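Protein chains in written order, with my numbering: chain C, 5 to 502; chain F, 10 to 467.
Here a beta-carbon is modelled for each residue, glycine too, at the ideal position from N, C-alpha and C.
Bear in mind the structure is a predicted one, so any value in this text is a computation, not a measurement.
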């Protein structure tokens, strides 16, 4: 290793094959209680529908399962191991009390169709959380049904469309800044809208003059992320809102970066009509290797009639219930009521913080990003000098002169014991390094990160080839993604079969 | 705040390093008029013990301690302890989507094993890493079929979960996908005659559920034949994954859209659950959602990566197969561990117990009330017709701490006084006997009341 890394060192890592390779007939990790009803003749009941064989399903013992998954787990990096600075992903601490309360009997075992009379606890949780989220966003109403951010976008745009249809003109297109997340255009397409790109200005913000020129009665809404994916707050957001509203359009805010705003400013106050939140970002529910998420959508009064059904309401007798009779609803976007288990976790997080904790959280998130920016300015190119909120975007402009790209720098960062930042996004920055530390990092971890990034920059000058071959310290070296895509092997098959 | 790892001195030192006097200077980009100058009006900061107490109190108000006969897309099965022991490992719980493969091999290999087992169980060739749930998975499957066939119309069984149908309607509205619904026959199965009339050459797909919403197992092969004759795809939605232990999988289908909640996922008042799509290899490039694939590293060592990303939104933007990004990874891991625990033999035995309990319960109910759709095989649900309104029966059952079957009036008003009852391996004989006894009492009371009325009339 060229430079010493203070954060990480090598340690013994267990090898582990696929579970199917450990399987052999007669091993078992299960035991059912004796049957207390008469035995059945499955052939008689099912006839030709009876399944005879379960193919290559594994047969293993319990200790093998524990070791299998424990060994696999040690090959992952995680927030619990250190800073996870993925930009726009908000990889913050996932409090353990959240996990505990979501598993309390009665909540974990609640059936979605149990009578409302014995669902008051779950309904109270939904009601309390929605009240908090409405206050935090400054909006008027909310749906908890969407299962993730992109699902929230879909729900939000369905409401936008329903709103315009109610005025007699569904309109044709959605404006999306060139810095937007890929889900935004993909969502617009799912709702039957054309996508029109909106160029950013030289400060990395929506070009208000260009917007004024592009805005017309064909535009249903503008989807804006604020702070945007450069970590820049749209300083003219209220003017943007006015421009949209003046021509009958709506302002959609992608709340992916809400961690920069909570308790400091409210989208509802600066003119947003509809927005989604990501409970798995801002509100600390775990990412779990890619999900589950939860993407509530908050709206202003004008969009309330279109919320997916059902919504939770307080009934005349003071109890809570679901209201299904909503004639203007966009319909259902998911069976049942959404990812309820995530609601519990998000509410536990809000309780643990309170108003003062949430404010301090946001301040620390912004403080951390600016500390990293200061520490790495001059070492990495900063394409936009506009002030940063909760994340900062550098580029590989300096390092790419030596042939080292953002992805190579990222792979080398792994050797230093850090998960990489977000690479090559946003698209408006060539070779972007998008860094979001969140509030969860102590100063020591930030200093280690800055030190690591500086050290890598030096390595690029001294021996670019070494960086290009990174990672050097992981179980496996860089994987052949081209082969994976060209000849996809998407499942295990026993060796003696084809 | 106990989650925040900085002392006031740390903050001061950092502000100094940045070159600002106060943190408020960092918020200068937010226009003054929009800065929140008051505390949020939310509950005050609570101690961990208070948080735990608050949620335990809510749990008490939430049917804790009730015996339940509810199913209808959310099933109560035993969850082996190892599931929560393993999914709560921070390396799984607090990891992101495995885009940086070298640092996420654990998650990637687990997904690869998950895809293998789902493909194996559903009788398909490939499966994805997960969708949000069974309802959105079914809707995405229809959109996938539309892309594959280049045709637009979808024919949907009325015996598909009513809320899945609602979700499909929402998704289809702006995709220009007309939906046609086909009724169920006396057997509870889809009406094949009507299906034959509705499916035409411009049909992109037929979407059915099996076991269907009533618990009835469909004749998948016969339906596939109708679909394929017209160049349409057959999509089979599976809401009760445990059925795959004993019921022949829908091998004749082109796409299977499954809700895997039954495999080790808590009921959790409706979510998070785990949708999954499985299909034939030739259709994989039109499948939405993440896929893990096997490859090698520079030294030739086996490893796994997320692959075929050109289907996905972060590459293709508005031309992507779907806008899905975040999926249900950790829930898929629960499902994965559950499948591994029960495995080849256990899943079969588990499914058999479910079948036996249901056969017994349906038998017992049939002595006092009418079990509908007895003509076709059932898995772990059945529809019971009573003389009395099932809501009234259920409110009496609640007094005995029993949540009775789901009244179907809201979804199928034409069926009258019927409810959908569900048994799993966790339903004991004594629970069944108690519930049947209470329903029998009400049936007897109504019968004798009717006799009295007839007497008076005479």
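For residue i, I'd like the list of residues in its chain whose CB is within less than 7 Å of its CB, leaving aside the five on either flank, ordered along the chain.
i	result
residue 318 of chain C	324
residue 303 of chain F	121, 311 and 313
residue 224 of chain F	387, 388, 389, 390 and 391
Determine, for residue i, whether the minimum Cβ-Cβ distance to residues of chain C falls below 8 Å.
i	result
residue 374 of chain F	no
residue 332 of chain F	yes
residue 160 of chain F	no
residue 386 of chain F	yes
residue 206 of chain F	no
residue 75 of chain F	yes
residue 298 of chain F	no
residue 217 of chain F	no
residue 7 of chain F	Past the boundaries of the shown model lies residue 7 of chain F; chain F is included only from 10 to 467, so the question cannot be answered.
Suppose the cutoff is 6 Å on Cβ atoms and the five residues either side in sequence are ignored; what does the same chain contact list for residue i look like?
i	result
residue 379 of chain F	394
residue 502 of chain C	In this prediction, residue 502 of chain C scores a pLDDT of 45, lower than 50, which makes its location untrustworthy; the coordinate-derived value is nonetheless stated afterwards. Nothing listed; no residue qualifies.
residue 431 of chain C	none
residue 459 of chain C	7
Would a check of beta-carbon distances place residue i closer than 8 Å to chain F?
i	result
residue 182 of chain C	no
residue 84 of chain C	yes
residue 11 of chain C	no
residue 199 of chain C	yes
residue 49 of chain C	yes
residue 443 of chain C	yes
residue 74 of chain C	yes
residue 354 of chain C	yes
residue 476 of chain C	no
residue 113 of chain C	yes
residue 415 of chain C	yes
residue 317 of chain C	no
residue 585 of chain C	Any property of residue 585 of chain C remains undetermined from this structure, which presents chain C solely from 5 to 502.
residue 388 of chain C	no
residue 77 of chain C	yes
residue 481 of chain C	yes
Is it buried or exposed for residue i, if we count other Cβ within 10 angstroms and need 16 for buried?
i	result
residue 337 of chain C	buried
residue 41 of chain F	exposed
residue 348 of chain F	buried
residue 275 of chain F	buried
residue 171 of chain C	exposed
residue 331 of chain C	exposed
residue 346 of chain F	buried
residue 497 of chain C	exposed
residue 401 of chain F	exposed
residue 319 of chain F	exposed
residue 441 of chain C	buried
residue 284 of chain C	buried
Just to confirm my understanding: we take residue i, look at its own chain, exclude 5 residues before and 5 after, and list those with CB closer than 8 Å. What are they?
i	result
residue 24 of chain F	30, 31 and 32
residue 5 of chain C	Only weak support is given to the placement of residue 5 of chain C: the predicted model assigns it a pLDDT of 48, under 50, and the value that follows is read from those uncertain coordinates. Once the five neighbours on either side are set aside, the close Cβ partners of residue 5 of chain C are 419, 476 and 477.
residue 128 of chain C	324
residue 472 of chain C	407, 408 and 412
Residue i CB to nearest chain D CB: under 8 Å?
i	result
residue 221 of chain F	Absence of chain D from the displayed structure is noted, the protein chains being C and F.
Contact list for the stretch 436-457 of chain F against chain C, Cβ threshold 7 Å: Under the 7 Å Cβ criterion, the stretch 436-457 of chain F contributes 437 and 438.
Inter-stretch contact (C-beta, 8 Å, three-pair minimum) for the stretch 38-48 of chain C and the stretch 125-135 of chain F: no
Three CB pairs or more closer than 8 Å across the stretch 243-255 of chain F and the stretch 357-370 of chain F: yes
Three-pair Cβ contact test at 8 Å for the stretch 340-348 of chain C versus the stretch 148-166 of chain C: yes
Members of the stretch 267-299 of chain C near chain F, C-beta cut-off 7 Å: 267, 268, 269, 270, 273, 274, 284, 290, 291, 292, 293, 294, 295, 296 and 297
Contact residues within the stretch 101-116 of chain F, judged by C-beta distance below 8 Å to chain C: 101, 102, 103, 104, 105, 106, 107, 109, 110, 111, 112, 113, 114, 115 and 116
Contact residues within the stretch 332-356 of chain C, judged by C-beta distance below 8 Å to chain F: 334, 335, 336, 337, 338, 339, 340, 341, 342, 343, 344, 345, 346, 348, 352, 354, 355 and 356
contact_flag[the stretch 425-439 of chain F, the stretch 75-83 of chain F] where n(CB pairs < 8 Å) is 3 or more: Counting C-beta pairs closer than 8 Å gives three or more between the stretch 425-439 of chain F and the stretch 75-83 of chain F, which meets the contact rule.
The stretch 232-248 of chain F touching the stretch 179-186 of chain F, judged by at least three CB pairs closer than 8 Å: no
Residues within the stretch 350-361 of chain F neighbouring chain C, beta-carbon criterion of under 7 Å: 350, 351, 352, 353, 354, 355, 356, 357, 358, 359 and 361
Contact list for the stretch 313-324 of chain F against chain C, Cβ threshold 9 Å: 313, 314, 315, 316, 317, 318, 319, 321, 322, 323 and 324
The stretch 292-301 of chain F in contact with the stretch 144-155 of chain F per 3-pair CB rule at 8 Å: A contact exists between the stretch 292-301 of chain F and the stretch 144-155 of chain F.
Where the stretch 113-133 of chain C meets chain F: residues whose CB sits under 7 Å from a CB there: 113, 114, 115, 116, 117, 118, 119, 121, 122, 123, 124, 125, 126, 128 and 129
Meets three-Cβ-pair contact criterion under 8 Å: the stretch 447-463 of chain C and the stretch 374-389 of chain C: yes
Chain C contacts from the stretch 44-56 of chain F (Cβ-Cβ distance under 8 Å): Closer than 8 Å at the C-beta level to chain C, one finds these residues of the stretch 44-56 of chain F: 44, 45, 48, 49, 50, 51, 52, 53, 54 and 55.
The stretch 117-135 of chain C contacting the stretch 265-277 of chain C, beta-carbon criterion three pairs below 8 Å: no
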